[in-house]
Structure formats: C-alpha cells, structure tokens
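**Student:**
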Amino acid sequence: MKDYDYSRIEKKWQAYWEEHQTFKVTEDGSKEKFYVLAEFPYPSGQGLHIGHPRPYTAMDILARKRRLQGYNVLFPFGWDAFGLPTENFAIKNRIHPAKVTADNVASFTKQAKAIGFSFDWSREINTTDPAYYKWTQWIFLQLFKRGLAYKKEMAVNWCTDCKVVLANEEVVNGECERCHGEVVRKVKSQWTLKITEYAQRLLDDLESVDYPERVKASQINWIGRSTGAEVKFAVNTGGEASDDALAVYTTRPDTLFGATYMVIAPEHPYVEKWAGRLSNFGEVVKYRELAAKKSDFERTEIVKEKTGVKLDGVLAVNPVNGAEIPVFISDYVMMSYGTGAIMAVPGHDTRDWEFAKKFNLPIIEVVKGGDVEKEAFTDCDAGVMVNSGFLDGLSVEDAKVKITAWLSEKKLGEPKVNFKLRDWVFSRQRYWGEPIPVVYCEKCGGWVALPESELPLTLPEVESYMPTDNGESPLATLVGFINTVCPVCGSPAKRETDTMPQWAGSSWYYLRYCDPHNDKELISKEKLGYWTGVNSAVSPPVDWYNGGMEHTTLHLLYSRFWHKFLYDIGVVNTKEPYKKRTSHGMILGEDGQKMSKSRGNVINPDDVIRDYGADGLRLYEMFVGDFEKVAPWSTTGIKGCKRFLERVWGLAEILSDGDEYRKELRAAFHKTVKKVGSDIETLKFNTAIAALMSLINEIYSTGSINKAELRTFLILLNPFAPHITEEMFEKAGFGVLNTQSWAGYDEELCKDDETEIAVQINGKVRAKAVVKAGSDKATTLAAAKAALGGLLDGKEIVKEIAVPDKLVNIVAR
RNA sequence: GCCGCUGUGGCGGAACAGGCAGACGCAACAGACUUAAAAUCUGUCGAUAGUAACUAUCGUAUCGGUUCAAGUCCGAUCAGCGGCACCA
Numbered sequence: 000m001k002d003y004d005y006s007r008i009e010k011k012w013q014a015y016w017e018e019h020q021t022f023k024v025t026e027d028g029s030k031e032k033f034y035v036l037a038e039f040p041y042p043s044g045q046g047l048h049i050g051h052p053r054p055y056t057a058m059d060i061l062a063r064k065r066r067l068q069g070y071n072v073l074f075p076f077g078w079d080a081f082g083l084p085t086e087n088f089a090i091k092n093r094i095h096p097a098k099v100t101a102d103n104v105a106s107f108t109k110q111a112k113a114i115g116f117s118f119d120w121s122r123e124i125n126t127t128d129p130a131y132y133k134w135t136q137w138i139f140l141q142l143f144k145r146g147l148a149y150k151k152e153m154a155v156n157w158c159t160d161c162k163v164v165l166a167n168e169e170v171v172n173g174e175c176e177r178c179h180g181e182v183v184r185k186v187k188s189q190w191t192l193k194i195t196e197y198a199q200r201l202l203d204d205l206e207s208v209d210y211p212e213r214v215k216a217s218q219i220n221w222i223g224r225s226t227g228a229e230v231k232f233a234v235n236t237g238g239e240a241s242d243d244a245l246a247v248y249t250t251r252p253d254t255l256f257g258a259t260y261m262v263i264a265p266e267h268p269y270v271e272k273w274a275g276r277l278s279n280f281g282e283v284v285k286y287r288e289l290a291a292k293k294s295d296f297e298r299t300e301i302v303k304e305k306t307g308v309k310l311d312g313v314l315a316v317n318p319v320n321g322a323e324i325p326v327f328i329s330d331y332v333m334m335s336y337g338t339g340a341i342m343a344v345p346g347h348d349t350r351d352w353e354f355a356k357k358f359n360l361p362i363i364e365v366v367k368g369g370d371v372e373k374e375a376f377t378d379c380d381a382g383v384m385v386n387s388g389f390l391d392g393l394s395v396e397d398a399k400v401k402i403t404a405w406l407s408e409k410k411l412g413e414p415k416v417n418f419k420l421r422d423w424v425f426s427r428q429r430y431w432g433e434p435i436p437v438v439y440c441e442k443c444g445g446w447v448a449l450p451e452s453e454l455p456l457t458l459p460e461v462e463s464y465m466p467t468d469n470g471e472s473p474l475a476t477l478v479g480f481i482n483t484v485c486p487v488c489g490s491p492a493k494r495e496t497d498t499m500p501q502w503a504g505s506s507w508y509y510l511r512y513c514d515p516h517n518d519k520e521l522i523s524k525e526k527l528g529y530w531t532g533v534n535s536a537v538s539p540p541v542d543w544y545n546g547g548m549e550h551t552t553l554h555l556l557y558s559r560f561w562h563k564f565l566y567d568i569g570v571v572n573t574k575e576p577y578k579k580r581t582s583h584g585m586i587l588g589e590d591g592q593k594m595s596k597s598r599g600n601v602i603n604p605d606d607v608i609r610d611y612g613a614d615g616l617r618l619y620e621m622f623v624g625d626f627e628k629v630a631p632w633s634t635t636g637i638k639g640c641k642r643f644l645e646r647v648w649g650l651a652e653i654l655s656d657g658d659e660y661r662k663e664l665r666a667a668f669h670k671t672v673k674k675v676g677s678d679i680e681t682l683k684f685n686t687a688i689a690a691l692m693s694l695i696n697e698i699y700s701t702g703s704i705n706k707a708e709l710r711t712f713l714i715l716l717n718p719f720a721p722h723i724t725e726e727m728f729e730k731a732g733f734g735v736l737n738t739q740s741w742a743g744y745d746e747e748l749c750k751d752d753e754t755e756i757a758v759q760i761n762g763k764v765r766a767k768a769v770v771k772a773g774s775d776k777a778t779t780l781a782a783a784k785a786a787l788g789g790l791l792d793g794k795e796i797v798k799e800i801a802v803p804d805k806l807v808n809i810v811a812r
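In numbering that gives the first Met the number 0, the protein residues as written are 0 to 812.
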C-alpha cells in the first residue's frame, strides 16, 4: 500500500483552493444563501493554540456540507485586532502595536490556511484597518447625533504607581497586576452609550431568535428587568424638615411597614450635600474612601461582613407610618443600580438582615411564614402580611398592588420598571483603539461631531503609544493631534483623546463581510438585501453564529444593540443580526486545566499538523467530545483519528467496480448518510465520526468496497477531512469533490428487516427475541413470551407493556 | 455572593422524546505475523461472586421520590467549571 502522505496531499489541495478561489462567494440570486459565521479571533502574540481551530473546524464542516447541498455559502474570516493585550505587549517589548498586530495576523493566517478552512479570504477584514474603522466611527457619530452617546462621570480603576486607568482584569486583589501598586477608584468623565434605552427591545426580541436557552437566560439576567415601585422618603436633617427626599427603588413595596432604616451608596451625592449637618462627617468620608478602593464585585459579596456608617444628624421618615428611621452609608448599596439608595427591610432581605444584626437595628416581621429573628424570610409566594396596617391579611402579591396604588395616590411613589443593565462605558484611556471622532469646542459650548467627510479619523502613527502619567490616553500628549479647529464655528478646538473599546469593532463586523470593500457606505442595500434573503422572507443576515459562552452577555448584547440602532436609522432591514447562535466548549490542556503559557500545557497546532496532518487535527478536534462542552486535549487520542484516516486511505486498495451499494451494506450506508447529515446540523460531530468509523469497520469486514460505496463514503467524510477525500476522489476518477452534490438517502432503506428486542420481566432483561421490523403489539408480545420459555410458569401476569422494535416488559407476580 | 453549566468504565465520550447503560475511540492485556521491535491484524476489556461457552447480584456523584421501566423526570445534598460589565 502506498503511504498516506498527508503533508503532500494537504499542501496540494490548499494550493488548488487558493488558485481556483474555490470558496469565494458572490451574490448569486439563483442560489439560496447561507451565512455561517464563527466569531473572529483576537490575534494574540502567542499564536494559534489548539483550542482555536475547534469552532472554525465545526463551522467549516457546516459550510462545506451546505455548499455540497447547493447553498451559496458565505463563510468569512477577519481580525478583532484592537485591544489591551496587544498594547501591553507593545509597551513591554517596545514594538509599535500596529507592527505587533501585523505580525500576529500574518502568523495566524499561515496557521489557519494550513488547517484548510474554506474561508472566503477575499472578504477578510481587520478592525484596525482605517477603511474598516471609518465605519465604526461613523456609527458612533450617528449615536452621538441622536443623543445616544454622552459623557458621564464614573469611577475607574486607577493605579497610583503606574498612573494608568486599569481594566478590572488588571486589578488583582486590589493591586495593579503589573507593579502591585495600590489601586483606587477615581472619578473620570467617560463616553457612555445609552444601551438602556434599548433594554426592553433587547429583551422582547429574544423571542424571535434561535439561541440556546442558557444563552437567552444569561441575556435576560444581564438585562435584569424587574418591576416594583419608586418610593420617596422625606428627610429631616439637623432636627428640622428638609426639602430633600430620598428616592428608593424597591421590588418589595409590600414590605414598606418593615423598613426600619435606610442605606445609601457611599458615592451618593447627598453625602456631600449633607456634609455640614453630619456630626460624624469625618468618619463618613473615611468610610467612603475605603469603599472607593473596592470593586463592585468585592462590595456585593455576601460572605463578607457588612460594614457601614450611620449618618448622624439625618433621619428619614417612612411615608407609610411616619416613623423616623436612621440613614446609613454602606458599600453593599451601588450607585449604579436603582437610585443608589434603598429602604432596608431586615425581616425580608438577607443583606439587610445581616446589616441589621451587626448594627443592632430593629427587625420587624411584615410577612408571616418564617422566623425573622433567625434569618430573613424572603419567600414571597408564601405568607400573608402582618404588622402592616391596611395591608394586614393580604397576600404579598395583593399587597404590592395595594401599596403601589396608595403611594401613587398620595404622590409618595409610583410603579416603576427597573433594569440591571447599565449604559455601556465606551471610553478607554488607551492608544490601541479607534479614535472617537468628536472635538471639544469652547465657543460652541460642548462636544461637536466631526463631519462624516473627515472620517476615518486615523490613529496618529507615532512613536509614543505609552500611557501618560495623568490618566489621559496617550493621544493626549500629541499636541499636533489634539489641537484642531471646530468644524462648526472654526474656532480652536480640542480633539477627544479617549479611544473606543474593543467591543466597538466587533459589534457590527458581520455586516461588513457582506460588502467588505465598500468605501461609500457601511453596506450597500443590494448586498444587504441578498444576505438577508433574496429568495425567502427577510431574516437576520447571519444564519448561524457560533462563538464562546464567554461572549454570550456583553458581545452578543452590544452587537444586538448596535444592530437595532442601525435598524432604527434605516441602515439595516432586520431587527436582529443573528438568526441562530450556538457555542462551543473550550479545549483544555492534557492536565484538564485551561491552556496557558504559565501552566506550560499549551499545544501548538503546527506540531500537531506536522505529526498527524491537518485532516487528523480537524477530525480529532471534532471527535474529542460534545462540541458544546469543554474537552481535554489528548495526544494519544488523536492517534486513533490518524489510524482511521489511514484505514480510509487503504480503501483504495480494495476498490472494485459497482454502481450501487451492495445488499449487505445498503442499510448501513443509508443509515450513515442520514446520521452524518443530521449530526452535522445539530453539531454532533463526535457521533457523526463514530458512525463513519462503524461504517468503515463494516466495509472492511466484507473485504472490499465498490465505487458507489467509496464515492458516498468520501463525500460524507469530506467536510471533516477535506484534503484526503479530495485526493482519493480524484484518484478514483470521480473528479473534483467540492463540485459534487451531498449524498442522499432513502428512509425506507434505512430500516433493517428484523430487530432484536429485549424481553423483560418486572423491568429486568430475561431474554431476547427477534421480530420483523414494524411488527404489531400482539405479534411482538407473542414472540417475547415464546422467547421467555418457562420463566413465566406459575406466575400471574399483571401487566404487559410492548414498545415496538424496542422491548417488552411483563409485570408478573 | 449572584447567574449559568457539568458530574457515566483505567481515559475521552455514546445512549433520538423515560425503554437492553457503556456505541465509537484511546489505553491495557492475550494471540497472529516478525530473528526482534514498531506497524498491522484477531480476540478480551464496569464491579463482585460462583464459573466452561455461562449465570446471578450490584452499577451513571450522594440521599430520597415518581413510574411497569430512571443516566434521562422531580426534591434535597456534595463536588467541579464558566461569566459577573475596562480581558476578549
């Protein structure tokens, strides 16, 4: 047998595809379109690791199969190349980020091509390309013009030693990841996008898309819609009534009679406002400084002991009974959620209960059903109202309605829908991002948009991309960049020096693939029209979008938000970008840990391709386990896949003539065609491969394979292992495989003539029986009883259950 | 902490919608071929007990429930993984 020389074969076919532009796609109205997308990668300096190919191989299989089925398949690729890791690498190694990016893209490209993905490389995009980010900036301008982009003061992580704004990820245990300097929260003015204005639509439209339930659930939780009431508490300061009212948002207005104190966030503006009236202001300020060092995450941890400071000199008035109650500041209340103030009901909220116990505050039971001295009773489905005046005896549900109506009537509050979702912080004080195309004009009195004709506003190509020491973007040091004139009034103005987050470029890239070289528009109506369904009803452009679970909240939500905005301004014609979303599990190291350089368990795909071939790599990545779950890499496991490919290669040695499946293999072939086809569509690649392995075992057991059988076998295997199958197809004289059609099957021919069924007595298998397929209940039962022989003698049959073609269970005493 | 997910042989994993648990592959063991090894081929391969091919009992993280029948459904518990808004 001639050896299976995978290296030669793979290079040959990769060159062939490149030369013939086999996978280049044009808008062909005679074919039905299929747009399949795998999240584009971030080209990190470490090169491709073995986890990267998994989603691309999976979507490549889908793309190749759909092409054989006659679809016009758009399967594009590109680079999400702005971002922090590149910038940090650049700073550390003194190489310009643009150069770092170009190098990384080049090595990723080489690796991706060596695996044989059927991308349409003519549509490759890169978010750091000015021709691309021109349109990212354009979208920002449209948001800005419609009031959806605004500046807002907010806390950022500030490293006191490096003097840079840090990402949450760069803060480790309250210290800077790099220099271990102290990290504090510092207030900065940041560009912010009003995603909250789209909260309800982002929630509602989930019903129209095909996402896994767990993905929908995480989007729903992230948006966090709740209904409740906003309630106003009057405030007495310094012993006299004040005009200030403290508004709180609560989902439990029914428990208002149980509110025994209030808590406001340390950043709450009233703290400053009341400064003069607080006898312990010094202590309050100290606490506020302490809280400023903590992240939201640390602050909301329940396990830690509650802390806080009472505001001496301020009392709030419970509107429902006029009781005067103390006001505290505590870090478990966030300024970013609700109104930044809460009414505390220790009897029925776990956090309030812990706080009340610590500070010896009264706990009043207002819903019966638990023991509020032992723990907060939070089950609102059970129990009736007590100690609550006019609400006594009502259910929680009814009490909510009644108290909300009462508050509205007395103008003390109103029903309110609240979202956990916060506006999108869009500023980064960094170099390696899209410049924000606005200028600050003193004369015009604010931020002014650049005219669209001045886009793209390119990143100045300079030596200095190092952070400044005052927390501004590196762009702030570039006098030539900053100083400009106002496009409206012509007077001197200053450019914005913050850049956009990496999320920006990835929020709309799927659209650009449809029309990647258009310099007049973001996307043309014609191209968009084709990819949203020229032959069928208009539906989201991307038919199938696969990506990691780690992107199911932010990236997915942000891009859905931008798409809806583009819909509102008439750029796109669908409300949603992605019709269907799936996600893949990570590939772990051989030790079962996440692959990382520091753990030393990273496997390089180049080595794997050298030793096992690209087809071997692809096959093993798909065979290793359930695509949607994590799976550890195994160097011995991949041997089995290579062995299988060698057995496939060996089929050429036992090839004989024959235009149709032989009788003994007919059912096996029809079944396998059916299974492989449906398994690909449901991402069950591992069982599709197992079915092909079983089939080849059967083929070898007959000692030969005929041409019809080999042809089908190669077509079924082609999406998984495109190189070896093309080579064998050509060698067998069948022509070029990718111009053929996918294999068909006949449902009738999938069935075996006879099936073996299990015969159980009281649920335990006691015998086997062979029956003709599709036999009725009576025949099946008779066969089953015959198979049992004398085992039922002397027993009383209580019940007989027969499942056609599966089993019979006889309940007997 | 909150939200989501996962738990099946020595290992990766199968099991459509409650119907024979362990498909397919890896590793291991035995045999064939070979001077020998590798490769290849054939066979065995959840546990326990007796044993000749066999039979019985147990077995899908733990405890309990529903059902003729539970890896699958329900309740509780334990363990691990992922996300938590400036990593992408």
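Note that the Cβ used here is the ideal one computed from N, Cα and C, for glycine as well.
#1: Grab me the residues of residue 562's own chain with a C-beta within less than 6 Å of its C-beta, minus the 5 sequence neighbours each way, in chain order.
#2: Please name the residue in 102, 119, 60 whose C-alpha comes closest to that of residue 18.
#3: Using 8 Å for Cβ pairs, my map puts residue 493 next to residue 438. What's the rounded Cβ distance?
#4: Rounded to whole angstroms, how far is the Cβ of residue 621 from the Cβ of residue 712, which I believe are closer than 8 Å?
#5: Buried or exposed: residue 302, going by 16 or more other Cβ atoms within 10 Å of its Cβ?
#6: Residues bridged to residue 324 by DSSP?
#7: Leaving out the 5 sequence neighbours to the left and right, which residues in its chain are closer than 7 Å to residue 0 when beta-carbon positions are compared?
#8: Can you tell me whether residue 301 is helix, strand or coil according to DSSP?
#9: Quick check: the Cα distance between residue 767 and residue 109, rounded to an integer number of angstroms?
#10: In chain order, what residues of the same chain have a beta carbon less than 6 Å from the beta carbon of residue 658, not counting five sequence neighbours either side?
#11: How far does the alpha helix (DSSP H) with residue 189 in it extend, from its first residue to its last?
#12: Distance, Cα to Cα, residue 335 vs residue 266?
#13: Measure the C-alpha to C-alpha separation of residue 176 and residue 589 and round it to an integer number of angstroms.
#14: Flag this pair as yes or no: are the beta carbons of residue 318 and residue 411 separated by less than 8 Å?
#15: With H, G and I counted as helix, E and B as strand and the rest as coil, what does DSSP make of residue 749?
#16: CA-CA distance, residue 457 and residue 433?
#17: If you run the structure through DSSP and keep just helix, strand and coil, what is residue 0?
#18: Distance check for residue 761 and residue 722, CA to CA, integer angstroms please.
#19: Put residue 812 into one of helix, strand or coil per three-state DSSP.
#20: To which residues of the same chain is residue 280 closer than 8 Å at the C-beta, ignoring the five residues directly before and after it?
#21: Roughly how far, in whole angstroms, is the beta-carbon of residue 771 from the beta-carbon of residue 747, given that I think they are within contact range, below 8 Å?
#22: Among 593, 144, 185, 544, which one has its Cα closest to the Cα of residue 162?
#23: Since residue 716 and residue 759 are thought to touch, with beta carbons under 8 Å apart, how far apart are those beta carbons, to the nearest angstrom?
#24: Which whole runs of the alpha helix (DSSP H) in the segment 134-160 are 4 residues long or more, in chain order?
#25: Quick one: any contact between the segment 671-690 and the segment 610-624, if contact means 3 or more CB pairs under 8 Å?
#26: My parser needs the beta strand (DSSP E) runs of 3 or more residues fully inside the segment 39-118; what are they?
#27: Would you call the segment 484-499 and the segment 92-106 in contact, with 3 or more CB pairs under 8 Å?
#28: Once you ignore the five residues that flank residue 62 on each side, which residues in its own chain have a CB closer than 6 Å to its CB?
#29: How should residue 428 be labelled, buried or exposed, when 16 other C-beta atoms within 10 angstroms of its C-beta is the threshold for buried?
#30: Assuming residue 531 and residue 572 are in contact, meaning their beta carbons sit under 8 Å apart, how far apart are those beta carbons, in whole angstroms?
#31: What is the residue span of the alpha helix (DSSP H) that residue 356 lies within?
#32: Classify residue 498 as helix, strand or coil using the three-state DSSP reduction.
#33: Just to confirm, is the Cβ distance from residue 250 to residue 424 under 8 Å?
#34: Cβ of residue 538 within 8 Å of Cβ of residue 578?
#35: Give me the Cβ distance between residue 690 and residue 675, rounded to the nearest whole Å; I'm assuming they're in contact under 8 Å.
#36: Would you mind reading off the limits of the alpha helix (DSSP H) that contains residue 701?
**Tutor:** For this structure:
#1: 576
#2: 119
#3: 6 Å
#4: Between residue 712 and residue 621 the Cβ distance is about 17 Å, and since that is not below 8 Å, they are no contact.
#5: With a pLDDT of 49 at residue 302, under the threshold of 50, the modelled position of that residue is not reliable, and no figure is offered here.
#6: 315
#7: Here the model assigns residue 0 a pLDDT of 45, short of 50, so the residue's position is not dependable and the matter cannot be decided.
#8: With a pLDDT of 48 at residue 301, under the threshold of 50, the modelled position of this residue cannot be trusted, and the question is left open.
#9: 56 Å
#10: 707
#11: DSSP places residue 189 in no alpha helix (DSSP H) but in the uninterrupted beta strand (DSSP E) bounded by 182-192.
#12: 10 Å
#13: 28 Å
#14: yes
#15: helix
#16: 8 Å
#17: Reliability of the predicted coordinates at residue 0 is poor, the pLDDT of 45 falling under 50, and the value obtained from them is presented with this limitation in mind. Coil, per DSSP.
#18: C-alpha separation (whole angstroms): 53 Å.
#19: coil
#20: Same-chain partners within the cutoff: 274.
#21: Contact doesn't hold; Cβ gap of about 15 Å is too wide.
#22: 185
#23: Wrong, their Cβ atoms sit about 39 Å apart, outside the cutoff.
#24: none
#25: yes
#26: Counting only runs of 3 or more, we get 71-73.
#27: No, they do not touch.
#28: Within the same chain, residue 62 has close Cβ partners 35, 72, 74, 117.
#29: Taking all protein chains in view, the Cβ of residue 428 is crowded by 16 or more other Cβ atoms within 10 Å, so the residue is classified as buried.
#30: 6 Å
#31: 349-358
#32: strand
#33: no
#34: yes
#35: 6 Å
#36: 684-701
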